[in-house]
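In structure tokens:
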């Protein structure tokens, strides 16, 4: 009996050490993720760290039955592997929403299971144990339902428009209070399951109420915010059993979510702290109509045939992609255009706004998928340094992120938002179906500039046509 | 030291490390970062394994099993899709 205990004690001690090694692998993996050259290796390093943690857990715990565990690992791995290879990369945001929801569910399920088992680890007080369970089930449930709502919106299962419920703030506050009160009652009386149910139900309703108010344009912010929730829920699980490895990893992931949320909030002109407090509803849509006045008689429409003349005379070309490019499946033609121009020694780069796409970094992945080298992908800051020396900017499927009113029009909802200064290029070619406004609802004076020409067409045929005309011109 | 206090200190220190390392990840890699983060957060499976394997009631085991299943999807799916994306990021190989 003594020997068994000694082995267990030693095992527990080593488990903590191995978890620490896992955390170090994760940190090292993240460090390698700071350069596209080493990123893939970093991901492998991080996966090895995960493997260590799982192996140690499988080996050293007083596990009664392995049957369930093996079945769970096997089925989970198969689903994970198949989904990872079958996924259309345009649907990455939906996939992330599901991963996020699963993360929340895992956290809540572990919390409920801990509540049922009531096996307090030694040196953990009842107050600590049940407080951690309350917080954990709350965050887990909130994350799960919030992510499922985000998924439904991204997938178009429910309307992408923000649904505003009157008295939403009061309802949210009420739901939050119910959760808090249930949590306190649960800590006092851990044998009453109704308090746990109180947390689960109010957190679910709160998640729905918060996310239904979010519009499609704000989804990148939500996705980023949920990552930090996923991290927090991992930490919360760690706090239940005082598993230090989980606490640290959750915290790392939480930090990554917060950073991305801040970047997205800044890029979209939203208040970061407001978002953290659940105020994700966009500001009042602009009542500025009058697009016709700005555009009247000043729009120059052109054809790909004429547009290639502008390209032929240029030395440096910027391509500004928006999500419209991906919707139109025009990444291939845009890559071909780049290749054709480069054959003639024209320098081409992609100017990528942080919110081009439906989640942070989405556009880079979509362009990398069609073999655009990563050194051609320029960030907002890099692009704005290059744009004044650029001869032609080709804007495809982007609108608000190139709207110069963000720089000067104080009454515009875009005012203060960082934009790509394509109006500083010598000439601008805009490929767009119509003059309809972007998510902000604001007309874009860029379209009416003297050095702007418009090609009114879908992105794919227009770009294919451009490539064809350019080839013919050069022949 | 109070074990809870020690845990809180770890939480805060890891948060700071996270901020330091992750601010250096360039915007073009933010999507793979997000997916890899989710895979890492799914380290929760270790608790799910314990819940599924040591559960003394059927309901606790079922809950643990469900958590293990979903968590494994996150780990495997997250790392594989991050790898798939990262394999696409190529430098500008000059053909001569």
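Residue numbers (the working numbering), protein chains in the order written: chain C, 3 to 477; chain H, 349 to 444. Beta carbons: idealized from backbone N, C-alpha and C, even for Gly.
### Task
For the region 322-388 of chain C, list the alpha helix (DSSP H) runs that are entirely contained and at least 4 residues long, ordered along the chain.
325-329, 333-345, 364-371, 382-388
### Task
Following the continuous beta strand (DSSP E) through residue 389 of chain H, name the residue where it begins and the one where it ends.
The residue you call residue 389 of chain H lines up with position 41 of the second chain. That residue, residue 389 of chain H, is in no beta strand (DSSP E); its alpha helix (DSSP H) goes 378-389.
### Query
Should the region 154-162 of chain C be called in touch with the region 172-186 of chain C, which here means at least 3 C-beta pairs below 8 Å?
no
#### Entry: Interface flag, residue 403 of chain C vs chain H, CB-CB below 8 Å
As a first step, residue 403 of chain C is located in the first chain; it is residue number 401 there, counting from the start. Answer no: the Cβ-Cβ gap between residue 403 of chain C and chain H never drops below 8 Å.
### Query
What is the DSSP secondary structure of residue 40 of chain C, reduced to helix, strand or coil?
As a working note, residue 40 of chain C is residue 38 in the first chain. If DSSP states are grouped into helix, strand and coil, residue 40 of chain C belongs with coil.
### Query
What separation, rounded to the nearest whole angstrom, lies between the Cα atoms of residue 348 of chain C and residue 331 of chain C?
As a working mapping, residue 348 of chain C is identified with position 346 in the first chain. As a working mapping, residue 331 of chain C is identified with position 329 in the first chain. When rounded, the distance between both Cα atoms is 25 Å.
### Query
Which whole-angstrom value is the C-beta distance of residue 399 of chain C and residue 461 of chain C, which I expect to be below 8 Å?
For the purposes of this step, residue 399 of chain C is taken as residue 397 along the first chain, with counting starting at 1. For the purposes of this step, residue 461 of chain C is taken as residue 459 along the first chain, with counting starting at 1. With a Cβ gap of about 5 Å, residue 399 of chain C and residue 461 of chain C count as contacting.
### Residue-chain proximity (residue 20 of chain C, chain H), Cβ-Cβ < 8 Å
As a working mapping, residue 20 of chain C is identified with position 18 in the first chain. By this cut-off, residue 20 of chain C is not an interface position.
### Message
Distance cutoff 8 Å, beta carbons only. Does residue 388 of chain H sit that close to anything in chain C?
### Response
On the second chain, position 40 is the one that residue 388 of chain H refers to. It does; some Cβ of chain C falls within 8 Å.
### Message
Tell me which residues share the same chain as residue 55 of chain C and place their Cβ nearer than 8 Å to its Cβ, disregarding the 5 neighbours each side in the sequence.
### Response
As a first step, residue 55 of chain C must be located in the first chain, where it is residue number 53. Taken in chain order, the residues that qualify are 20, 21, 24, 247.
### Three-state secondary structure assigned by DSSP to residue 57 of chain C
Stepping through the first chain from its first residue, residue 57 of chain C is reached at position 55. Three-state DSSP puts residue 57 of chain C in a helix.
### Query
Buried or exposed: where does residue 32 of chain C fall if 16 or more other Cβ atoms within 10 Å of its Cβ makes it buried?
Here residue 32 of chain C is taken as the residue at index 30 of the first chain, counted from 1. Answer is buried; the Cβ neighbour count reaches 16.
### Query
Given that residue 436 of chain H touches chain C, what residues does it touch there, using C-beta distances under 8 Å?
Here residue 436 of chain H refers to the residue found at position 88 of the second chain. What residue 436 of chain H touches in chain C: 367, 370, 371, 373.
### Query
At a Cβ threshold of 8 Å, is residue 136 of chain C touching chain H?
Locating residue 136 of chain C in the first chain gives position 134, counting from the first residue. So no, residue 136 of chain C is outside the interface.
### Proximity to residue 276 of chain C [Cα-Cα], best of C/408, C/171, C/181
Within the first chain, numbered from 1, the residue matching residue 276 of chain C stands at position 274. Nearest C-alpha to residue 276 of chain C: C/171.
### Message
Spatial neighbours of residue 288 of chain C within its chain, please: C-beta separation below 7 Å, excluding the five flanking residues on both sides.
### Response
In the first chain, the residue the question calls residue 288 of chain C occupies position 286. At residue 288 of chain C, the pLDDT of 46 sits below 50, so the modelled position is not reliable and the matter cannot be decided from this model.
### Task
Mind listing the chain H neighbours of residue 109 of chain C? Cutoff is C-beta to C-beta under 7 Å, in chain order.
As a working note, residue 109 of chain C is residue 107 in the first chain. What residue 109 of chain C touches in chain H: 392.
### Reference residue 72 of chain C, options C/60, C/81, C/392, closest by Cα
As a first step, residue 72 of chain C is located in the first chain; it is residue number 70 there, counting from the start. Nearest option by C-alpha distance: C/60.
#### Entry: Whether residue 409 of chain C touches residue 421 of chain C by CB criterion (8 Å)
Indexing the first chain from 1 puts residue 409 of chain C at position 407. Indexing the first chain from 1 puts residue 421 of chain C at position 419. Going by C-beta atoms, residue 409 of chain C is nearer than 8 Å to residue 421 of chain C.
### Task
Flag residue 109 of chain C as yes when its Cβ comes closer than 7 Å to any non-hydrogen atom of the ligand ATP, and as no otherwise.
Ligands displayed in this structure: none; no statement on the ligand ATP is therefore possible.
### Message
Could you check whether the Cβ of residue 433 of chain H sits closer than 8 Å to any Cβ belonging to chain C?
### Response
In the second chain, residue 433 of chain H corresponds to position 85, counting from 1. Residue 433 of chain H counts as touching chain C.
### Query
Of all the options C/355, C/372, C/188, C/112, which has the alpha carbon lying nearest to the alpha carbon of residue 334 of chain C?
Position 332 of the first chain holds residue 334 of chain C. Ranking C/355, C/372, C/188, C/112 by Cα distance to residue 334 of chain C puts C/372 first.
### Message
Can you tell me whether residue 359 of chain H is helix, strand or coil according to DSSP?
### Response
As a working mapping, residue 359 of chain H is identified with position 11 in the second chain. DSSP places residue 359 of chain H in helix when its eight states are reduced to three.
### Own chain, CB closer than 6 Å to residue 455 of chain C, minus 5 neighbours either side, in chain order
As a working note, residue 455 of chain C is residue 453 in the first chain. So the list reads 302, 304, 431, once near-sequence residues are dropped.
### Task
Decide if residue 18 of chain C is buried, meaning its Cβ has at least 16 other Cβ atoms within 10 Å, or exposed.
The sequence position of residue 18 of chain C within the first chain is 16, counting from 1. Classification for residue 18 of chain C: exposed.
### Message
Measuring only the C-alpha atoms, how far is residue 406 of chain H from residue 108 of chain C?
### Response
Translated into the one-based positions of the second chain, residue 406 of chain H becomes position 58. Translated into the one-based positions of the first chain, residue 108 of chain C becomes position 106. Looking at the two C-alpha atoms, the distance is approximately 17 Å.
### Task
Spatial neighbours of residue 387 of chain H within its chain, please: CB distance less than 7 Å, with the 5 preceding and 5 following residues excluded, ordered by chain position.
Looking up residue 387 of chain H in the second chain gives position 39. Excluding sequence neighbours, residue 387 of chain H sits near 422, 423, 426, 427, 430.
### Message
Under 8 Å, Cβ to Cβ, is there at least one residue of chain H near residue 67 of chain C?
### Response
On the first chain, position 65 is the one that residue 67 of chain C refers to. Cβ-Cβ to chain H under 8 Å: yes for residue 67 of chain C.
#### Entry: Separation of residue 408 of chain H from residue 2 of chain C, as counted between CA atoms
Because chain C is modelled from 3 through 477, residue 2 of chain C falls outside the range shown and cannot be assessed.
### Query
Per DSSP, what kind of secondary structure is residue 245 of chain C in: helix, strand or coil?
Locating residue 245 of chain C in the first chain gives position 243, counting from the first residue. Coil at residue 245 of chain C, not helix or strand.
### Query
Sorted by chain position, which residues of the same chain lie with C-beta nearer than 6 Å to residue 218 of chain C's C-beta, five sequence neighbours on each side aside?
Locating residue 218 of chain C in the first chain gives position 216, where the first residue counts as 1. Contacts found: 162.
### Message
Between residue 42 of chain C and chain H, is the shortest Cβ-Cβ distance under 8 Å, so that the two count as touching?
### Response
Indexing the first chain from 1 puts residue 42 of chain C at position 40. By this cut-off, residue 42 of chain C is an interface position.
### Query
Sorted by chain position, which residues of the same chain lie with C-beta nearer than 6 Å to residue 241 of chain C's C-beta, five sequence neighbours on each side aside?
For the purposes of this step, residue 241 of chain C is taken as residue 239 along the first chain, with counting starting at 1. Contacts found: 134.
### Query
Nearest to residue 207 of chain C by alpha carbon, out of C/75, C/328, C/173?
For this step, residue 207 of chain C is matched to residue 205 along the first chain. The option with the nearest alpha carbon to residue 207 of chain C is C/173.
### Query
Per DSSP, what kind of secondary structure is residue 426 of chain C in: helix, strand or coil?
Sequence index remark: in the first chain, residue 426 of chain C carries index 424 (1-based). Looking at residue 426 of chain C - three-state DSSP - the assignment turns out to be helix.
### Message
At the 8 Å Cβ level, is residue 33 of chain C part of the contact set with chain H, yes or no?
### Response
Position 31 of the first chain, counted from the start, is the residue given in the question as residue 33 of chain C. For residue 33 of chain C, the answer is yes, since a Cβ of chain H falls inside 8 Å of its Cβ.
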